[in-house]
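Peer 1: Mind the numbering: the sequence shown is residues -16 to 414 in this note's numbering, read in order. Even for Gly, the Cβ is constructed at its ideal location relative to N, Cα and C. Note that this is a predicted model, so its numbers are computed, not measured.
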Amino acid sequence: MLIDDENKIIEDIEQRAILVGVSFGRDEYDIEESMNELKELTLAANAEVAGILIQNKERVDATFFIGKGKVEEVREACVLNDANLVIFNDELSGAQIRNLEQAMDVKVIDRTALILDIFAVRAKTRIAKLQVELAQLRYRLPRLQGLGQSMSRTGAGIGTRGPGEQKLELDRRRIRERITEIQQQIKEANQTRQVQRVKRDKNEIPIVAVVGYTNAGKSTIMNKILEMTNEEDVTEKQVFAKNMLFATLDTYSRRISLDENRNFILVDTVGFVSKLPHSLVEAFKATLEEVNEADLLIHVVDASNEHQNMQMTVTHRVLDEIGAGNKKMLFAYNKIDLVDHEIDHLKEGAYQTSAVTGMGLDGLIQGIVKEVFNDIVSATFLVPFDQGRILSELCNAGKVLSTDYLETGTKVRLELHEKDYNKYKNFSIGE
Ligand SMILES: Nc1nc2c(ncn2[C@@H]2O[C@H](COP(=O)(O)OP(=O)(O)OP(=O)(O)O)[C@@H](O)[C@H]2O)c(=O)[nH]1
Ligand SMILES: [Mg+2]
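#1: Going by Cα to Cα distance, which pick from Gln79, Leu120 and Val115 is closest to Arg161?
#2: Whole angstroms is fine: what's the gap from Phe7's alpha carbon to Glu41's?
#3: By Cβ distance below 6 Å, which residues in the same chain neighbour Lys310 in space, the five residues on each side in sequence not counted?
#4: Taking 7 Å as the cut-off, is the C-beta of Ala86 nearer than that to any heavy atom in ligand 2?
#5: Roughly how many angstroms lie between the CA atoms of Gln(-2) and Glu354, to the nearest whole one?
#6: Among residues of its own chain, excluding the 5 on either side of Pro367, which ones have a beta-carbon nearer than 6 Å to its beta-carbon?
#7: Do the stretch 232 to 244 and the stretch 82 to 97 touch if we need at least three Cβ pairs shorter than 8 Å?
#8: Within its chain, find whatever has a CB closer than 6 Å to the CB of Lys394; leave out the 5 residues flanking it on each side and keep chain order.
#9: Buried or exposed: Gln349, going by 16 or more other Cβ atoms within 10 Å of its Cβ?
#10: Using only the heavy atoms of ligand 2, determine whether one of them is closer than 7 Å to the beta carbon of Thr46.
#11: With three or more C-beta pairs closer than 8 Å as the rule, is the stretch 373 to 389 touching the stretch 402 to 409?
#12: Does ligand 2 have a heavy atom nearer than 7 Å to the CB of Ser236?
#13: Straight-line CA distance for Val283 to Leu26?
#14: Within its chain, find whatever has a CB closer than 7 Å to the CB of Gly145; leave out the 5 residues flanking it on each side and keep chain order.
#15: Nearest by alpha-carbon distance to Asn72: which of Pro189, Ser257, Asn292 and Glu276 is it?
#16: With a cut-off of 8 Å, do at least 3 Cβ pairs link the stretch 219 to 230 to the stretch 260 to 278?
#17: Are the stretch 67 to 84 and the stretch 16 to 25 in contact at 8 Å, needing three or more beta carbon pairs?
#18: Helix, strand or coil for Asp242? Go by DSSP, reduced to three states.
#19: Using the beta-carbon count (16 or more within 10 Å), is Ile1 buried or exposed?
#20: Flag this pair as yes or no: are the beta carbons of Lys318 and Ser361 separated by less than 8 Å?
#21: Taking buried to mean at least 16 other C-beta atoms within 10 Å of its own C-beta, is Asp251 buried or exposed?
#22: Measure from the alpha carbon of Gln79 to the alpha carbon of each residue in Glu55, Leu63, Ala111 and Arg126, then state which is nearest.
#23: Checking the sheet assignment: what are the DSSP bridge partners for Ile364?
#24: How long is the line joining the alpha carbons of Phe410 and Asp358, rounded to whole angstroms?
#25: Please confirm whether any heavy atom of ligand 1 lies closer than 7 Å to the CB of Asp323.
#26: Tell me the DSSP secondary structure of Phe71 in three-state form.
#27: Checking contacts by CB at 8 Å: is Asn206 closer than that to chain C?
#28: Rounded to whole angstroms, what's the CA-CA distance from Lys408 to Thr231? Just pull it up for me.
#29: Work out the CA separation of Glu243 and Ile188 for me, nearest whole Å.
#30: For the candidate residues Glu390, Glu152, Thr270 and Asn29, whose alpha-carbon lies nearest to that of Thr108?
#31: Considering only the beta carbon of each residue, do Leu124 and Gln166 sit closer than 8 Å?
#32: As an exercise, report each continuous alpha helix (DSSP H) stretch of at least 4 residues that is fully enclosed by the stretch 267 to 333, in chain order.
#33: Indicate the three-state DSSP secondary structure (helix, strand or coil) for Ser76 in the structure shown.
#34: When every heavy atom of ligand 1 is checked, does at least one fall within less than 7 Å of the C-beta of Asn317?
#35: Quick one: what's Thr386 bridged to in DSSP?
#36: Using a Cβ-Cβ cut-off of 7 Å (strictly less than) and excluding sequence neighbours within five positions of Ile208, which residues of its own chain qualify?
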C-alpha cells in the first residue's frame, strides 16, 4: 500500500507504519486504548504496524506537534523497523506534516487522513463516495495553505506570489470549485430522497435507527431481527457485517413486519469512532439524516468491550453533533455471550442481547413495539351504509377485529393509531 501526494492510499504496495501518539494527561480516553484503536484503523487500511511510540506532553509543539527529541526517536524507529510511513494519532496542520516529513524523510499522515482513506476505499454508493470526497477536500484545503505558508517563509528567491504560490492558488481554486460541485450533487441526491421520504411518511411506517460505536454489532443485530421476523429465506436482504472497523459506510433500510399492522423500518448506520473527523461528520450528515428522522434509536453497545463507557460517550457526542441527541433511545448491551457476568443496574429501556445467539432480541423487539406503536387504540365504529368510502378507509387504516351488519350501518371494531381514530371519531361508538 502506498500513500500518494494527496494522502490517498494506493493499494498493493506494502506499507509499514510507526504510530505516534501524545498523551496530554487530560484526555477523556486512555492513550493505550486510543493507540490500539489507531492500530486497528491502520490494519483496516491494509498497512502493517511496525511500532508504537507515545509521548507525554503538556502542550503541542507548533512546528512538529511532538518534541524535537521525539522527532529524532521516530526517525530512528523508522530506519530500525524498516517503516515507510508515520501515522499520528492527532490531527496535524499542513505545516506540521511538511516539517515532520522533511525532518524524518518519510511520509507522514494523521488519524483523520487515515479514517478518510478507509472511508474512501469502502464507500460503495454514489452518495457515500461524494460525501467522502467532500470530507477529503475540506481536510486538504487548509493544509494546502499550511504548505503555502511554509514555502513563502523559506524566502530565498521565492516571492509571495512565486510560481509555487500560483500553483497553490490554482489548486485551491480547483478544490473550492469541486467542493461546490459536490455540494450541489449531494443536494440533488437528497431532493430525490426527500421525495421518497414523503411517500414513506404517507404510509406512516415508524423508523427505528440502529446507532453506536463501530464494531458493536449493529449490522449483525439487524440481520438477526430480519431472520427472526421472517419465515422465508432472508439471505438476500442481509446487510454486510464483519469484525472490522467501519464495515458499514452507508445507511441500509429494511422493512420489518411483525404482523399485518405492525411494520417498521429498521435502519443500519455508519459506526462512530473516537476522534471521528469533524469534516466527515459534516459530510455524512446527509446519510445520517435518517437518524434524525427516526422515531426511535437503538444504541448498540459492545458489552464485552472494557472501554464501553468511552464508546457510549463518543456515540452520544456524535448524535448531539448531528442534532439527534434528544431522540427516544433504547440500549442493546450486545455480545452478552462474551460477558461472563450479568450487567447489574440495567436502566429502563436497556436490554442484554446477543446478535449471534439471538438472546434478548425478543425483549428488544417488544421494547421497540412498546415505543413505536404506543399510540394504538382499539375502538368501535358505526358507519352508515351510504358511507362506503369511509368504511374502506377505516379498514385500511387499522387492524379489523370484528364486523357486524346492523340496520343502521356497519359496526366495525378495530385497532388503529390514535391519529386515525381522531380522524374518524365522529363515527365512533366507544370501546
Ligand atoms: N460474540 C458475539 N459477536 C458479535 C455479536 N454481535 C456482533 N458480533 C460480531 O462483531 C463483529 C462486528 O459486527 P457488525 O455487526 O459488523 O458491527 P457493526 O456495529 O455493524 O460495525 P460497523 O458497521 O463497522 O460500525 C462481527 O464479527 C460480528 O460477528 C454478539 O452478540 N456476540
Ligand atoms: Mg455495520
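Peer 2: The relevant details are as follows:
#1: Leu120
#2: 5 Å
#3: Leu280
#4: Checking every heavy atom of ligand 2 against the Cβ of Ala86, none is found closer than 7 Å.
#5: Taking C-alpha positions only, Gln(-2) is separated from Glu354 by approximately 49 Å.
#6: Gly392
#7: no
#8: Leu365 and Asp387
#9: By the C-beta density criterion, Gln349 is exposed, having fewer than 16 other C-beta atoms within 10 angstroms.
#10: no
#11: Segments in contact, yes.
#12: Ser236: no, Cβ never under 7 Å from ligand 2.
#13: 24 Å
#14: Low local confidence applies: a pLDDT of 42 at Gly145 is under 50, so the model's placement there is unreliable, and no value is given.
#15: Ser257
#16: no
#17: yes
#18: strand
#19: buried
#20: no
#21: A residue is called buried when at least 16 other Cβ atoms come within 10 angstroms of its Cβ; Asp251 meets this threshold and is buried.
#22: Arg126
#23: The identity of residue 364 in the sequence shown is Phe, whereas the question assumes Ile. Per DSSP, Val395 and Ser411.
#24: 19 Å
#25: no
#26: strand
#27: Note that chain C does not occur in the displayed structure, where there is just one protein chain.
#28: Their Cα atoms are separated by approximately 45 Å.
#29: 12 Å
#30: Thr270
#31: no
#32: 268 to 276 and 291 to 304
#33: coil
#34: yes
#35: BP columns for Thr386 point to Val395.
#36: Excluding positions up to five away in sequence, the list reads Ile239, Leu249, Leu344 and Ile348.
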